[in-house]
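Novice: Sharing a structure here in structure tokens format.
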Amino acid sequence: MSFVKSQQEGAVLTLTLDRPEALNALNQQVLDDLSAALDGVDLATVRCIIFTGAGEKAFAAGADIAAMADMGPEAAAAFSRHGNEVFRRIETFPCPTIAAVNGYALGGGCELSMSCDIRLCSENALFGQPEVTLGITPGFGGTQRLMRLIGVGRAKELIFSARTVKAPEALAIGLVNAVYPAEELLPAARKLAARIVQNAPIAVRACKAAMNEGMDLDMDEALDAEVREFSGCFMTEDQKRGMQAFLNKQKNIEFYNK
Ligand code: CAA
């Protein structure tokens with residue numbers, strides 16, 4: 461039995477954390493199942509991935525506290541490394557990812573959402589890094605990604621105080637791109653995904669690669685990364701097709717992913 465359900469519709473894959481009885485808390489198996497779900501992605505057919513949580517309450521209420529309670533430093537380091545590996549894999553996954561945050565996104569849940577390229581949330585979403593109330597730091601990337609997303613001062617305030625953030629504030633500080641009534645969240649995520657997947661997939665993946673790489677480089681090196689990705693597109697059929705279609709005044713063409 462897997463704690464991650466995969467459902468593909470057209471070129472959009474939805475991965476649903478499916479452990480609602482524990483508010484989709486992330487234990488070793490959930491992390492393994494996420495990894496296995498990514499192993500199963502076929503980029504020839506999948507052009508965008510939506511991550512969400514089963515049930516009406518939670519995207520994910522964090523790393524599994526019961527599983528961590530009796531850990532010593534070595535087990536804790538291994539658990540943190542495991543989560544970080546899986547989330548880094550999501551962050552650097554070749555195709556775009558959207559977190560559809562349908563409720564609690566606390567601790568590891570907030571960290572999972574921040575590993576995705578884009579976050580949309582429901583009106584009842586609640587974000588936060590409450591780890592210091594448990595005597596620990598965030599362990600799946602929260603100390604690093606939150607400040608890159610919302611700025612150092614705000615991230616330090618939220619992490620040191622463990623204050624949670626409701627959907628309107630998450631929108632105001634740029635932690636999410638948009639807020640929807642709960643029942644409209646997945647349709648909105650699918651609509652955005654549908655818009656993404658109609659574009660040239662190799663070009664979209666190249667944009668992600670250039671932006672991800674550039675985040676950690678100085679501007680000159682970052683622009684070199686852009687030159688590399690830009691020029692690489694000129695080896696694709698989709699570039700020839702896209703430009704010819706423009707010149708021939710054709711609209712809504714299909715890209716081949718080659
Ligand atoms: N780990 C393990 N189990 C969890 C969990 C978690 N993070 N969050 C919720 N659960 C379980 C509860 O223990 C409960 O199980 P039982 O029914 O067996 O008792 C079930 O999910 C439902 O939870 P609640 O009864 O607590 O539901 P609620 O609606 O009253 O409260 C909540 C919801 C406010 C999210 C509350 O569950 C909560 O505070 N959860 C913990 C949030 C948290 O501290 N997350 C950070 C974890 S540490 C971390 O993530 C470290 C890291 O970066 C790697």
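Under this note's numbering, the first residue of the sequence shown carries the number 461, and numbering increases by one thereafter.
Note that the Cβ used here is the ideal one computed from N, Cα and C, for glycine as well.
Our contact map puts Leu645 next to Leu580 with C-beta atoms below 8 Å; I'd like the distance itself, whole angstroms only.
Specialist: What you label residue 645 is simply residue 185 of the sequence shown in a count that begins at 1. What you label residue 580 is simply residue 120 of the sequence shown in a count that begins at 1. The Cβ separation is near 6 Å, so the contact holds.
Novice: Label Gly568 either buried or exposed according to how many other C-beta atoms from any shown protein chain fall within 10 Å of its C-beta, with 16 as the threshold for buried.
Specialist: The sequence position of residue 568 within the sequence shown is 108, counting from 1. So Gly568 counts as buried.
Novice: Near Pro590, what residues of its chain come up, given a Cβ to Cβ distance below 8 Å and the 5 sequence neighbours on each side ignored?
Specialist: What you label residue 590 is simply residue 130 of the sequence shown in a count that begins at 1. So the qualifying residues of the chain are Gly522, Leu566, Gly567, Ala622, Thr624.
Novice: Who are the Cβ neighbours of Glu628 in its own chain at under 8 Å, not counting the five residues just before and after it?
Specialist: Within the sequence shown, numbered from 1, the residue matching residue 628 stands at position 168. It is worth fixing the name first, because residue 628 is Pro in this sequence and not Glu. For Pro628, where only same-chain residues beyond five positions count, the Cβ hits under 8 Å are Val639.
Novice: Please list, in chain order, all residues of the same chain as Cys693 whose beta carbon is under 7 Å from its beta carbon, the five residues on each side excluded.
Specialist: Position 233 of the sequence shown, counting from 1, holds the residue named residue 693. So the list reads Ile662, Ala663, Ala666, Gln699, once near-sequence residues are dropped.
Novice: Quick check: what's the CA-CA separation for Ile596 versus Ala529?
Specialist: Indexing the sequence shown from 1 puts residue 596 at position 136. Indexing the sequence shown from 1 puts residue 529 at position 69. Cα to Cα, the separation comes out at about 11 Å.
Novice: Please report the distance separating the alpha-carbon of Lys668 from that of Pro556.
Specialist: In the sequence shown, residue 668 corresponds to position 208, counting from 1. In the sequence shown, residue 556 corresponds to position 96, counting from 1. Computed Cα separation, rounded: 7 Å.
Novice: Taking 8 Å as the cut-off, is the beta-carbon of Met528 closer than that to any non-hydrogen atom of the ligand CAA?
Specialist: The count along the sequence shown starts at 1 and reaches residue 528 at position 68. Yes, Cβ of Met528 sits closer than 8 Å to a heavy atom of the ligand CAA.
Novice: Less than 8 Å separating the Cβ of Lys616 from some heavy atom of the ligand CAA?
Specialist: Here residue 616 refers to the residue found at position 156 when the sequence shown is read from its first residue. No; taking the cut-off as 8 Å, the Cβ of Lys616 has no heavy atom of the ligand CAA nearer than that.
Novice: If you follow the beta strand (DSSP E) that Ser540 is in, where does it begin and where does it stop?
Specialist: In the sequence shown, residue 540 corresponds to position 80, counting from 1. Counting along the chain, Ser540 falls outside any beta strand (DSSP E), though it belongs to the alpha helix (DSSP H) covering 533 to 551.
Novice: Taking the continuous alpha helix (DSSP H) assigned at Cys667, which residues delimit it?
Specialist: For the purposes of this step, residue 667 is taken as residue 207 along the sequence shown, with counting starting at 1. Cys667 -> alpha helix (DSSP H) spans 661 to 675.
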